[in-house]
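As structure tokens, the structure follows; a few thoughts come after it.
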Amino acid sequence: MQENQSELVDLYLSRSGKHPLKIHLYEHPEYAWSDLENVERTIGETGFKVLCSIIAELPRCRELYYGLDADGLLGEIPSQCRPTELPLLTNFREEVAFVYNPEAEWFWDLIKDSQSLMNMTINRFKESVRYPRNLRTLKITNQKRGQVLLDKLSQLPNLQSLHIHNFSLAPIETNALSHRSLNLHNLTITSAEELASLDPMFSLLTLPALSSLKLSTCQQFLKDEDHITDESLSNAFNYRDDQLTALHALVGRSGCSLLELTLFVEPFPSTAILSLLELQPSLESLTLEIRTPVESQSVLVDLCTRMSQSESPLLPHLQRLVIRESSWKAHTEYDVEKVLHHIKCVLDMLKSRDRNGTRIADVSLEFGRLLLAAHIRTQGYDLPAGLAKRVVAISVRGVRLPGIWQGT
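Going left to right, the sequence shown walks through residues 2 to 409 as the numbering used here numbers them.
Now the structure itself:
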């Protein structure tokens, strides 16, 4: 770092007053701090001076992004530059799974003792690191050890929202662990991996305050779709029947009243899904992720039948229904007649709910994009008469459709 750059940083820090800062601590791509014997010698005296100046300003920091793969950088900071509190910090994001260094314990003690820190994003729990008890929102990625996950969550009594993303838990010895009751209001689990290891975790949890549960293949959470493969799609939420039973038992044992549910349909049997939904008569928002209408036909037809009943219909308080296609690659074969039947079932269900006073106000059908795209490529925009009629009828009902449908 050049001397004039150091002066520019000093000028900024001196003129910016007491306004909250957003600080990004990232490694230079040419260096890995874990490989360095002496940070100051590597980045130079001027660079180290700037680093110490920034660290000294952490008490003014409201958001901190931590992108270092080792704590060696912070371990080198002299004691006179180390702050003693983080009174304004509300958001902390860890971008990589760092290597813990005991010499940087002062920094993690600051994080742990922060009274203002409410939101964290971390790359798996570390046994040697303690986390702030005041946390309200936590997103955790790449978690491998289920026992560590449960132990750390039990130490966060104020946690209300938990998002677990892209993980594969090692087997949990349930006999060696006690049951855990968490005060979570929102639980989101997203992954493109097989989640067979969720069963023992679910069996050890009680979530009495849970109001939102989202189990998703994470299409809307992934930024780089090139990482999605046919194999990962086939493994996504590859539950066995007994694991859906574990989820059913968790919801029943918790006695929670869900208002929002997102569920990936395949390969659950319709009886299992309907049994789960019967436990939640107060549900207001339901999102179902399907591979294709053809593969999900039996589940969705059975669901529409139960929701259409004039007496005691399933989910009588439902206000929002989303059926979306969770697939990235077009299939080679489509059965237009089966998709027509699927659309008819949804439309008939909506009409029935309109008549019996349980109208679903907000409906979004986000399926059939792949089918329509393939049809247009081969046959143009002239749809089969039955399909075109159903699209018009659904549009009149006020149902939101993907843009490619609206152009037909």
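Heads up, the beta-carbon is just placed ideally off N, CA and C, and yes, glycines get one too.
query: With distances taken Cα to Cα, identify the nearest neighbour of Leu-188 among Ser-283, Leu-284, Leu-280 and Leu-211.; result: Leu-211
query: With a threshold of 16 other CB atoms inside 10 Å of the CB of Thr-272, please say whether the residue is buried or exposed.; result: exposed
query: Taking the beta carbon of Ala-250 as the centre, do at least 16 other beta carbons fall within 10 Å, making it buried, or is it exposed?; result: exposed
query: Buried or exposed: which applies to Glu-77, given that a residue is buried once 16 or more other Cβ atoms fall within 10 Å of its Cβ?; result: buried
query: Around the Cβ of Asn-102, are there at least 16 other Cβ atoms within 10 angstroms (buried) or fewer (exposed)?; result: buried
query: Given a threshold of 16 other Cβ atoms within 10 Å of its Cβ, counted over all protein chains shown, does Gly-147 qualify as buried or as exposed?; result: buried
query: Roughly how far, in whole angstroms, is the beta-carbon of Glu-86 from the beta-carbon of Pro-60, given that I think they are within contact range, below 8 angstroms?; result: 6 angstroms
query: Can the beta-carbon of Leu-118 be found closer than 8 angstroms to that of Leu-90?; result: yes
query: Exposed or buried, what is His-332 when buried is set at 16 or more other beta-carbons lying within 10 Å of its beta-carbon?; result: For His-332, the predicted model reports a pLDDT of 46, less than 50, meaning its position is unreliable and no value from the coordinates is stated.
query: Sort out for me which residues DSSP pairs Asp-363 with in a bridge.; result: Arg-321
query: So what's Leu-284 in DSSP terms, helix, strand or just coil?; result: coil
query: Taking Thr-272 as part of the alpha helix (DSSP H), name the residues at either end of that continuous run.; result: 271 to 279
query: Could you compute how far the alpha carbon of His-342 sits from the alpha carbon of Leu-351?; result: 14 angstroms
query: Which of helix, strand or coil does DSSP assign to Lys-145?; result: coil
query: Cutting at 6 angstroms between CB atoms, please list the residues of its own chain near Phe-269, excluding the five before and the five after it.; result: Leu-245
query: Name the one or two DSSP bridge partners that Arg-465 has.; result: For the chain, the structure presents residues 2 to 409; residue 465 sits outside this window and is missing.
query: If we count the other Cβ atoms within 10 Å of its Cβ and call it buried at 16 or more, is His-318 buried or exposed?; result: exposed
query: Exposed or buried, what is Ser-129 when buried is set at 16 or more other beta-carbons lying within 10 Å of its beta-carbon?; result: exposed
query: Might you give, ordered along the chain, the residues of its own chain that have their beta carbon closer than 6 angstroms to the beta carbon of Arg-401, omitting 5 neighbours on each side?; result: Ser-365
query: Going by DSSP, what residues sit across from Met-121 in a beta bridge?; result: Phe-93 and Leu-139
query: Pick out whichever of Phe-203, Asp-114, Glu-106 and Lys-145 has its Cα sitting closest to the Cα of Asn-124.; result: Lys-145
query: Is Ala-362 buried or exposed, if buried means 16 or more other CB atoms sit within 10 Å of its CB?; result: exposed
query: In angstroms, rounded to a whole number, what distance separates the CA positions of Pro-282 and Leu-316?; result: 5 angstroms
query: Are Ser-192 and Phe-168 close, meaning C-beta to C-beta below 8 angstroms?; result: yes
query: Is Val-130 helix, strand or coil by DSSP?; result: coil
query: Quick check: Leu-260 and Leu-289, are their CB atoms within less than 8 angstroms of each other?; result: no
query: Can you tell me whether His-166 is buried or exposed? The criterion is at least 16 other CB atoms within 10 Å of its CB, across all chains shown.; result: buried
query: Could you give the distance in angstroms between the alpha-carbon of Tyr-240 and the alpha-carbon of Leu-277?; result: Because Tyr-240 sits at a pLDDT of 46, beneath the cut-off of 50, its placement in the model cannot be relied upon, and the following sentence gives the value as read from the coordinates. Answer to the nearest angstrom: the Cα atoms are 15 angstroms apart.
query: Count the other CB atoms within 10 Å of the CB of Glu-46; is the residue buried (16 or more) or exposed (fewer)?; result: exposed
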